[in-house]
Structure formats: C-alpha cells, structure tokens
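Letter by letter, the sequence shown follows residues 83 to 449 of our numbering. Ideal Cβ positions, reconstructed from N, Cα and C, are used throughout, including at glycine. Fair warning: this is a prediction, and the values are worked out from it, not measured in the lab. Accompanying notes for the structure given below.
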Amino acid sequence: MNILASLQTNQMIPEKYKQMSREELEARVFEVKNKLGSRLFIPGHHYQKDEVIQFADATGDSLKLAQVSAENTDAEFIVFCGVHFMAETADILTSEKQKVFLPDMRAGCSMADMADIQQTERAWEMLQGIFGDTILPLTYVNSTAAIKSFVGANGGATVTSSNAETMVKWAFDQKERILFLPDQHLGRNTAADLGIGLDEMAIWNPISHTLEYEGVVSRIKVILWKGHCSVHENFTVKNVIDIRYQYPDMKIIVHPECRREVVELADMAGSTSYIINAIETAEPGSKWAIGTEMNLVKRLIKNHPEQQILSLNPHMCPCLTMNRIDLPHLVWSLDTLEDENNQNIIKVSDEIAENAKVALEKMLLHS
Ligand code: 13P
Ligand code: SF4
Numbered sequence: 083m084n085i086l087a088s089l090q091t092n093q094m095i096p097e098k099y100k101q102m103s104r105e106e107l108e109a110r111v112f113e114v115k116n117k118l119g120s121r122l123f124i125p126g127h128h129y130q131k132d133e134v135i136q137f138a139d140a141t142g143d144s145l146k147l148a149q150v151s152a153e154n155t156d157a158e159f160i161v162f163c164g165v166h167f168m169a170e171t172a173d174i175l176t177s178e179k180q181k182v183f184l185p186d187m188r189a190g191c192s193m194a195d196m197a198d199i200q201q202t203e204r205a206w207e208m209l210q211g212i213f214g215d216t217i218l219p220l221t222y223v224n225s226t227a228a229i230k231s232f233v234g235a236n237g238g239a240t241v242t243s244s245n246a247e248t249m250v251k252w253a254f255d256q257k258e259r260i261l262f263l264p265d266q267h268l269g270r271n272t273a274a275d276l277g278i279g280l281d282e283m284a285i286w287n288p289i290s291h292t293l294e295y296e297g298v299v300s301r302i303k304v305i306l307w308k309g310h311c312s313v314h315e316n317f318t319v320k321n322v323i324d325i326r327y328q329y330p331d332m333k334i335i336v337h338p339e340c341r342r343e344v345v346e347l348a349d350m351a352g353s354t355s356y357i358i359n360a361i362e363t364a365e366p367g368s369k370w371a372i373g374t375e376m377n378l379v380k381r382l383i384k385n386h387p388e389q390q391i392l393s394l395n396p397h398m399c400p401c402l403t404m405n406r407i408d409l410p411h412l413v414w415s416l417d418t419l420e421d422e423n424n425q426n427i428i429k430v431s432d433e434i435a436e437n438a439k440v441a442l443e444k445m446l447l448h449s
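Take a look at the structure:
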C-alpha cells in the first residue's frame with residue numbers, strides 16, 4: 083500500500099495517548115509485555131527511535147528482521163517497529179495464526195513507492211521485447227509485496243543490502259541479465275563491485291517508460307529501476323570533500339543506498355549491520371563520518387563515546403517514515419491488539435503472498 087492509500091485508511095491515534103507522559107507510556111509497554119510474554123514479539127529496525135527500540139525483542143537490519151520473523155513460530159502478535167514493507171515481509175514469512183501489526187500505517191517507504199506493479203508489468207513486457215527471455219528480476223526487500231510476488235513468479239528473488247552481492251552473483255548463474263528494482267544505487271553499487279562496467283548498465287525510467295543507456299543495447303547486463311532512497315540520496319560528493327578537508331584522518335563509511343560517486347569516494351560501504359559492526363570493532367579513538375540514517379548515527383554516537391563519530395552530512399534528518407513509529411503509537415498498538423476492527427493489521431493476500439514467499443525464501447536460503 084502506498085503512503086496516500088494508507089493515509090486514506092488510517093485510523094487516527096486517540097488523543098489520550100498523546101497526553102500520556104513518557105513514564106506512563108513506558109510503564110504501559112512493560113505491563114503489556116509482561117502480560118503477553120512470548121505471545122508478543124516486537125522486532126525493531128536499527129533506524130527506529132530510541133524511545134521505541136528500547137522495547138524491541140530483536141533489533142536488526144532488513145535481512146536479520148526477515149530472518150527472525152521467519153524463525154518465530156510462537157508469537158501470536160508481531161508488532162513491527164519499522165516500515166510497511168518490513169511488516170509485509172514478516173506477514174508473508176509467518177503462519178496464518180500469527181498477526182502482524184504496524185503501529186502507524188503512515189510508516190511507508192518512499193523508495194518502495196517508486197515501483198508499482200502496473201509500471202513493473204509494463205516495463206517487463208517492453209524489456210522482454212528488447213532482450214527476449216534473458217532477464218532475471220531481483221528486488222530489494224524495500225518494495226511492495228506485489229513487486230516481490232512478480233519477481234518470485236518470474237524466477238527471481240529478493241535481496242537486502244547485506245546479501246546483494248551474493249544474490250546478484252546467483253542471478254547471473256541463472257540468466258544473462260538482471261532487472262534490479264527499485265533502488266538504482268544499491269543495484270549500481272553492487273554490480274560495479276562485481277566488476278560490471280557502468281557502460282553495461284541501463285536505467286529503466288518508469289515515468290517516461292523508457293530505457294536510458296549509452297552505447298550498444300546488446301551489451302547491457304544490468305537494468306536498474308530508477309528509484310532511490312530519499313534519505314541516503316542526501317549524502318553528496320561535497321559532503322565527502324568537506325570531511326576530507328576538515329578531518330583528513332577520518333574514515334568515511336556509507337550505506338550502499340548512497341549514490342555511486344559517494345560510495346566510490348568513501349573508505350567503506352555496507353549495510354546497516356556492516357556499519358554498526360565496523361564501529362563496534364574499531365580501535366578506541368578512531369574517527370568516523372557515517373553516511374546513513376540519523377537515528378542510527380545518533381545511537382552510535384551515544385553508545386560509542388570512545389570513538390569520534392559524526393554524520394557525513396551535517397544537516398541530515400532521520401527517515402521521516404521510520405520516525406512515524408513513536409512511543410504513543412507503540413502503546414496504542416499494544417492496547418488494541420485484540421480489537422476486532424483493528425486497522426493496523428498488515429495482511430498480504432494469499433494470492434500475492436504465495437510468489438512473494440518464493441522470492442523471499444530464495445534469498446533466505448542464500449544468506
Ligand atoms: P538495511 O536494513 O538492509 O541496511 O536497509 C536500510 C534501509 O533503508 C531500510 O529501510
Ligand atoms: Fe525507505 Fe530510505 Fe526510509 Fe529505508 S531509509 S525506509 S529506504 S526512505
């Protein structure tokens with residue numbers, strides 16, 4: 083569901099939750115967690131606010147949260163502290179008797195909204211016309227369940243930023259070319275790291291419905307969907323130049339959702355978990371400029387006073403949709419788990435879930 087559609091169906095949080103103090107809200111979360119025990123499971127993505135992540139039963143990047151959701155067969159109520167596509171993934175990977183809730187239905191992802199299923203089917207038809215049956219579709223998990231289902235139905239798989247390289251290699255064992263949805267930057271960075279030239283990559287523009295490339299069409303190996311993360315696109319070459327000038331001995335580490343030019347100039351690039359691991363295992367006193375979401379950067383600064391850490395972009399903001407999940411919404415969600423007309427349940431239709439699960443399971447098998 084895109085952000086507009088979710089706004090239309092969104093049931094507003096009752097005023098009383100906004101009036102409660104932080105202490106009251108926290109006490110209520112403890113109370114519900116104690117009462118429900120293992121019937122309740124709260125996964126939390128690393129980009130969530132501290133006020134929320136403190137209550138997560140498992141924290142992780144997209145890959146880890148997909149894995150822990152698939153492994154948890156006990157919890158009746160899964161309250162997903164992350165964004166819509168992550169909750170959909172959890173629903174697809176869990177059983178019928180488990181219910182997945184998103185505390186605020188407005189917590190979408192602008193990148194996932196950049197590829198809809200109609201655009202994708204149209205693109206596929208045209209690309210098949212140009213390249214014949216030589217393309218395998220891969221989708222970043224940051225996509226709708228319908229896109230995952232399309233990919234699964236066409237022999238492909240999902241990827242996350244932790245396993246993109248493995249999955250792209252796997253895809254090239256199946257077919258000559260890949261269509262990579264919906265993040266052009268993760269697709270380009272991964273393919274380039276595997277030695278594929280920029281002249282062997284084309285961009286599919288879903289708005290003009292055209293293939294953008296230079297050179298000879300038959301040389302194209304990777305077709306990148308023209309989507310991006312509105313958070314990570316905000317890291318620029320100028321940010322890198324400024325840091326190099328001000329702190330010549332500072333290491334720059336970025337997420338592969340950043341533009342190619344930024345990744346090329348950085349010292350290191352990797353998923354959210356890779357970045358956390360690099361900071362946790364670094365020598366005390368080392369200096370880091372991090373190019374990723376701000377809630378995580380702030381947490382790393384707080385948890386690692388032994389390092390000097392700052393954001394690669396000094397004017398960076400948190401991901402606005404991740405930030406929709408706050409303590410009042412978490413409490414509201416916990417208070418209404420058993421309500422008959424609960425509007426915050428994430429339920430992917432069986433028709434879509436079937437092939438989406440095929441795509442997700444291929445990824446989990448190779449991770
Ligand atoms: P990872 O969790 O795979 O690092 O992805 C980052 C992200 O943007 C999640 O929305
Ligand atoms: Fe989507 Fe980017 Fe926010 Fe992740 S950080 S949820 S990709 S907008």
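Could you name the residues whose beta carbon sits closer than 7 Å to any heavy atom belonging to ligand 2, keeping them in chain order?
Y129, V165, C191, S192, M193, A194, N224, C311, S312, V313, H314, E339, E375, C401, T403 and M404
Tell me the rounded alpha-carbon separation between L306 and P387.
On the sequence shown, residue 306 is found 224 positions in, with the first residue counted as 1. On the sequence shown, residue 387 is found 305 positions in, with the first residue counted as 1. Answer to the nearest angstrom: the Cα atoms are 40 Å apart.
What is the chain-ordered set of residues for which the beta carbon lies under 5 Å from any non-hydrogen atom of ligand 1?
D143, S144, T242, S243, S353 and T354
Would F167 and T240 be called neighbours here (beta carbons separated by less than 8 Å)?
Taking the sequence shown and counting its residues from 1, one reaches residue 167 at position 85. Taking the sequence shown and counting its residues from 1, one reaches residue 240 at position 158. Contact flag unset, no.
With DSSP collapsed to three states, give me the class of A351.
Counting from one through the sequence shown, the residue named residue 351 turns up at place 269. Of the three classes helix, strand and coil, the one that applies to A351 here is strand, per DSSP.
From the DSSP output, in three-state form, read off F112 for me.
By 1-based counting over the sequence shown, the position of residue 112 is 30. If DSSP states are grouped into helix, strand and coil, F112 belongs with the helices.
In this structure, what does DSSP give as the bridge partners for H127?
Working through the sequence shown from its first residue, we reach residue 127 at position 45. Answer is G142.
Based on Cα-Cα distance, which residue from Q266, V182 and L412 lies nearest to E343?
Here residue 343 refers to the residue found at position 261 when the sequence shown is read from its first residue. Of Q266, V182 and L412, the residue nearest in Cα terms is Q266.
With three or more C-beta pairs closer than 8 Å as the rule, is the region 409 to 422 touching the region 111 to 121?
The region 111 to 121 vs the region 409 to 422: in contact.
From the DSSP output, in three-state form, read off I361 for me.
Locating residue 361 in the sequence shown gives position 279, where the first residue counts as 1. Here I361 sits in helix by DSSP.
Give the DSSP bridge partners of F183, in chain order.
Here residue 183 is taken as the residue at index 101 of the sequence shown, counted from 1. For F183, which the question treats as bridged, DSSP gives the partners V161 and I427.
Would you call the CB atoms of V299 and I217 closer than 8 Å?
In the sequence shown, residue 299 corresponds to position 217, counting from 1. In the sequence shown, residue 217 corresponds to position 135, counting from 1. No, Cβ-Cβ distance for V299 and I217 is not below 8 Å.
If S355 and D143 are in contact, beta carbons under 8 Å, what's the gap, nearest whole angstrom?
Counted from its first residue, the sequence shown places residue 355 at position 273. Counted from its first residue, the sequence shown places residue 143 at position 61. Rounded, the Cβ-Cβ distance is 4 Å, consistent with contact.
Would you check if the region 392 to 409 and the region 146 to 157 touch, i.e. whether three or more CB-CB distances between them fall below 8 Å?
Taking 8 Å as the limit for Cβ pairs, the verdict is that the region 392 to 409 does not touch the region 146 to 157.
Is the beta carbon of Q130 sitting closer than 8 Å to the one on C163?
Locating residue 130 in the sequence shown gives position 48, counting from the first residue. Locating residue 163 in the sequence shown gives position 81, counting from the first residue. Taking 8 Å as the Cβ cut-off, Q130 and C163 qualify as a contacting pair.
Is the CB-CB distance between N335 and D186 below 8 Å?
What you label residue 335 is simply residue 253 of the sequence shown in a count that begins at 1. What you label residue 186 is simply residue 104 of the sequence shown in a count that begins at 1. First, the residue type needs correcting, since residue 335 is Ile and not Asn in the sequence shown. Their beta carbons are not under 8 Å apart, which means I335 does not touch D186 by this criterion.
Rounded to whole angstroms, what's the CA-CA distance from I229 to G352? Just pull it up for me.
Residue 229 sits at position 147 when you count from the first residue of the sequence shown. Residue 352 sits at position 270 when you count from the first residue of the sequence shown. When only Cα atoms are considered, I229 and G352 end up about 24 Å apart.
By the DSSP assignment, the beta strand (DSSP E) with V304 in it spans what residues?
For the purposes of this step, residue 304 is identified with residue 222 of the sequence shown, where counting begins at 1. V304 to W307 is the span of the beta strand (DSSP E), which, as asked, contains V304.
Measuring straight from C-alpha to C-alpha, what distance separates K457 and E178?
Given that the chain is displayed from residue 83 to residue 449, the structure contains no residue 457 and the question cannot be resolved.
How far does the beta strand (DSSP E) with Q390 in it reach, from first residue to last?
Your numbering for residue 390 matches position 308 in the sequence shown. Q390 to S393 is the extent of the beta strand (DSSP E) around Q390.
For chain D, find out if any of its Cβ atoms is closer than 8 Å to the Cβ of A441; answer yes or no.
Of the chains in the structure shown, none is chain D; there is only one protein chain.
Mind checking whether Q149 and L446 have CB atoms under 8 Å apart?
Locating residue 149 in the sequence shown gives position 67, counting from the first residue. Locating residue 446 in the sequence shown gives position 364, counting from the first residue. Yes; because the gap between Cβ atoms is below 8 Å, this pair is in contact.
So, with DSSP's three-state summary, where would you put R406?
Mapped onto the sequence shown, residue 406 falls at position 324. Looking at R406 - three-state DSSP - the assignment turns out to be helix.
Closer than 7 Å by C-beta to A360: which residues in its own chain qualify, once you throw out the five before and the five after it? Chain order, please.
Locating residue 360 in the sequence shown gives position 278, counting from the first residue. I335 and M350, listed in sequence order.
If you check the beta carbons only, do E247 and L276 fall under 8 Å apart?
For the purposes of this step, residue 247 is taken as residue 165 along the sequence shown, with counting starting at 1. For the purposes of this step, residue 276 is taken as residue 194 along the sequence shown, with counting starting at 1. Going by C-beta atoms, E247 is nearer than 8 Å to L276.
Rank E133, S244 and Y295 by C-alpha distance to the C-alpha of R104 and give the top, closest one.
As a position in the sequence shown, residue 104 is number 22, starting the count at 1. Nearest C-alpha to R104: E133.
Have a look at G214 and E282 and give me their C-alpha separation to the nearest angstrom.
Here residue 214 refers to the residue found at position 132 of the sequence shown. Here residue 282 refers to the residue found at position 200 of the sequence shown. Near 17 Å, if we compare the C-alpha coordinates of E282 and G214.
Which residue comes first and which comes last in the beta strand (DSSP E) that contains R204?
For the purposes of this step, residue 204 is taken as residue 122 along the sequence shown, with counting starting at 1. Note, R204: premise wrong, no beta strand (DSSP E); alpha helix (DSSP H) at I199 to F213.
Measuring straight from C-alpha to C-alpha, what distance separates R110 and F137?
Looking up residue 110 in the sequence shown gives position 28. Looking up residue 137 in the sequence shown gives position 55. If you take the alpha carbons of R110 and F137, they lie about 11 Å apart.
Roughly how many angstroms separate the alpha carbons of I260 and V304, rounded to a whole number?
Working through the sequence shown from its first residue, we reach residue 260 at position 178. Working through the sequence shown from its first residue, we reach residue 304 at position 222. Their Cα atoms are separated by approximately 5 Å.
Return yes when the Cβ of I323 is within less than 8 Å of the Cβ of A371, no when it is not.
Within the sequence shown, the letter at position 289 stands for residue 371. Within the sequence shown, the letter at position 241 stands for residue 323. With contacts defined by Cβ atoms closer than 8 Å, A371 and I323 do not form a contacting pair.
To the nearest angstrom, report how far apart P125 and V182 are at their CA atoms.
To locate residue 125, count along the sequence shown from 1; it is residue 43. To locate residue 182, count along the sequence shown from 1; it is residue 100. Roughly 11 Å separates the two Cα atoms.
Where does E294 fall in DSSP's three states?
In the sequence shown, residue 294 corresponds to position 212, counting from 1. It is a strand residue.
With a threshold of 6 Å on Cβ separation, who are the neighbours of V440 within its own chain once the five nearest residues in sequence on each side are excluded?
For this step, residue 440 is matched to residue 358 along the sequence shown. Only G234 meet the Cβ criterion.
For T171, which of helix, strand or coil comes out of DSSP?
Position 89 of the sequence shown, counted from the start, is the residue given in the question as residue 171. For T171, the three-state secondary structure derived from DSSP is helix.
Name the residue from P264, G237, T242 and S244 whose alpha carbon lies nearest to the alpha carbon of F254.
Residue 254 sits at position 172 when you count from the first residue of the sequence shown. The candidate whose alpha carbon is nearest that of F254 is G237.
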